[in-house]
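**Student:** Letter by letter, the sequence shown follows residues 34 to 448 of the numbering used here.
Have a look at this one before I ask anything.
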Amino acid sequence: MSEAGKIAESEASPVREEAIPGPVGTWREVGWLFLRMGATAFGGPAAHVALMEDECVRARRWVTPGEFADVLGAANLLPGPSSTELAMMLGLRRAGWAGLLAAGTAFIGPAVLLVWLLAWAYVRYGTRPEVALVLAGLQPVVLAVVVQAVWRLARSVLRTGTMRLWSVASLAAALAGMHELVVLLTMSVIAVVWREGAGSSSRAIGIASLGAAWNGVRSRPHSAAAAASIASTMGASLVSTSGIFGTFFKLGCVIFGSGYVIVAFMRAEFVQRNAWISETQLLDAIAIGQITPGPVFSTATFIGYLLAGHAGAWAATAGMFLPSFALSAVSGPLVARLRQSVRAAAALDGLNAASLALMAAVAIFMARGIVPTVSGALLSLAALALLLSGRVGTGWLLVGGMLVSMLRAFAATLR
């Protein structure tokens, strides 16, 4: 479970009050509430969860504290943006299917439209020296944001020595070049095998599986066979809107653990394997996603616009969020089965460990391009210290990074 889920569950009452008997509201009231939250919800998933708990439990009493904790737990079991799926499930409880569509669309809408506008401005004005300088000041702060996300997620995911072992093995595989999907699937299988029985034979099989995965990585240090096959099926078509939609739809179906895992997938897909965007453009896209309200998954809109203009932005947005709508709609029976299955629980543990490792790998790759400069290293360390202290929000730090870059440019002109 993500840290946002733990925060909400710790605040929720352990007593399960009697459930509200089915949808009792309208899609309009649901839409207006989540539109307002989507336009003002800065600070990432944990802040989104806290805001929804305050509005839907305390202020409006749409659901009980116990129901809210249950819905949040379900959202954290599904791939995709957990806070967005939480909004959809709350809308479903309040106003049925229309409420789910209204809540999801309203919560996503402000972020997508703002990122879309910023992507247009970026393409048109991003090459201007003053704009490039401001954006450069965002990159060290973005690195600090990703490192902070890794740190906080690690505190909740790496609960046992076994989880730490899985995460370290996944990190080694990711750094060696294994495809992200292969890392996720391999670790989920290993986790299931490990959990199947308490006997030493089951443990031995799990250890052997780790060794086999590592040997596969060593034999192909910079590419995996699965990576080549997946890339070949998508590479030629990504310039088309259907290709963009398909790629982001795949990402929306496989991202577990945290919204920042999307950074790992986008870097591997768009920067490393196919070179459709540069490392700098990816960092700028992440920064844009951070300074806007709503889900960080709206970064997909930015990347889609860079690849194919307005049509690409629409295709990327639809592909990224469509799985969340579908999974939220069937979350009731699906999550109930997942909770009852020992194998599913083990697989989710493996997925979470691998997701954390993918995020850590991205942070390492990002640091190689940012930290070597003294100013970049100092700005990243200062931003990380402030983030971990909890005294300054991400948005303010990004603004601070831009101001530092502007001051440096002004000082240079005075020399």
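Cβ coordinates follow ideal geometry from the N, Cα and C atoms, glycine included.
#1: Pair every Cβ in the region 277–285 with every Cβ in the region 322–341, then say whether three or more of these pairs are closer than 8 Å.
#2: To the nearest angstrom, how far is the alpha carbon of VAL183 from that of LEU391?
#3: Quick one: give me the first and last residue of the alpha helix (DSSP H) that VAL226 is part of.
#4: Spatial neighbours of ARG376 within its chain, please: CB distance less than 7 Å, with the 5 preceding and 5 following residues excluded, ordered by chain position.
#5: Quick one: residues in its chain with C-beta nearer than 8 Å to the C-beta of PHE358, no 5 flanking neighbours on either side, listed in chain order?
#6: Sorted by chain position, which residues of the same chain lie with C-beta nearer than 6 Å to GLY322's C-beta, five sequence neighbours on each side aside?
#7: Measure the C-alpha to C-alpha separation of GLY124 and LEU166 and round it to an integer number of angstroms.
#8: Alpha carbon to alpha carbon, how far is TRP60 from LEU150?
#9: Using the Cα positions of VAL304 and GLY58, report the straight-line distance between them to the nearest angstrom.
#10: Just checking PHE335 against the ligand HEM - is the residue's beta carbon closer than 7 Å to any of the ligand's heavy atoms?
#11: Does the separation of the CB atoms of LEU316 and MET299 fall below 8 Å?
#12: Beta-carbon separation of GLY115 and ALA386 under 8 Å?
#13: Shortest alpha-carbon distance to PHE67 belongs to which of MET399, ARG197, ARG127?
#14: What is the DSSP secondary structure of ILE288, counted as helix, strand or coil?
#15: I need the straight-line Cα distance from PRO78 to ARG185, nearest angstrom please.
#16: Looking only at C-alpha atoms, which of VAL287, GLU62, SER361 sits nearest to HIS212?
#17: Less than 8 Å separating the beta-carbons of SER364 and ALA80?
#18: Comparing C-alpha positions only, which one of GLY409, ILE141, ASP382 sits nearest to ARG192?
#19: Once DSSP output is grouped into helix, strand and coil, what is the label at PHE398?
#20: Can you tell me whether ALA154 is buried or exposed, with buried defined as 16 or more other CB within 10 angstroms of its CB?
#21: Do GLY327 and GLY113 have their CB atoms nearer than 8 Å?
#22: Locate the alpha helix (DSSP H) running through PHE330, then write down its first and last residues.
#23: How close, in whole Å, do the beta carbons of ALA344 and THR274 come, if the pair is a contact with beta carbons under 8 Å?
#24: Should VAL82 and LEU105 be called a contact, given that it needs their Cβ atoms to be closer than 8 Å?
#25: Going by DSSP, what residue range makes up the alpha helix (DSSP H) through VAL104?
#26: Pick helix, strand or coil for PRO143, following the three-state DSSP scheme.
#27: Within a Cβ cutoff of 7 Å, which residues of the same chain sit near ALA72, ignoring the five residues on either side of it in sequence?
#28: Distance check for VAL90 and GLY409, CA to CA, integer angstroms please.
#29: Rounded to a whole number of angstroms, what is the C-alpha to C-alpha distance between ASN307 and ALA393?
**Tutor:** Put simply:
#1: Output reads yes: the region 322–341 touches the region 277–285.
#2: 9 Å
#3: 213–229
#4: VAL225
#5: MET121, LEU133, LEU134, GLY137
#6: VAL329, SER331, THR332
#7: Taking the straight line from one Cα to the other gives about 42 Å.
#8: Each residue's CA atom was taken as its position, placing TRP60 and LEU150 some 27 Å apart.
#9: 45 Å
#10: Of the ligands one can find in the structure shown there are none, so the ligand HEM has no counterpart to examine.
#11: No Cβ-Cβ contact shorter than 8 Å links LEU316 with MET299.
#12: Reading off the sequence shown, one finds Ser at residue 115, where the question assumed Gly. Result no, Cβ atoms of SER115 and ALA386 do not sit closer than 8 Å.
#13: ARG127
#14: coil
#15: Those two C-alpha atoms are separated by around 12 Å.
#16: Comparing Cα-Cα distances from HIS212 to each of VAL287, GLU62, SER361, the minimum goes to VAL287.
#17: Taking 8 Å as the Cβ cut-off, SER364 and ALA80 do not qualify as a contacting pair.
#18: Ranking the options by Cα distance to ARG192, first place goes to ASP382.
#19: Looking at PHE398 - three-state DSSP - the assignment turns out to be helix.
#20: Exposed, because fewer than 16 other Cβ atoms sit within 10 Å of the Cβ of ALA154.
#21: For the 8 Å CB-CB criterion, GLY327 and GLY113 do not form a contact.
#22: No residue range can be given for PHE330, since it is assigned to no alpha helix (DSSP H) and is classified by DSSP as neither H nor E.
#23: Rounded to whole angstroms, the Cβ separation of ALA344 and THR274 is 5 Å, and the two are in contact under 8 Å.
#24: Their beta carbons are under 8 Å apart, which means VAL82 touches LEU105 by this criterion.
#25: 98–110
#26: Annotated three-state conformation of PRO143 is helix, per DSSP.
#27: Taking ALA72 as the centre and dropping the five residues before and after it, the same chain places the C-beta of PRO143, PRO326 closer than 7 Å to its C-beta, in chain order.
#28: Looking at the two C-alpha atoms, the distance is approximately 43 Å.
#29: 22 Å
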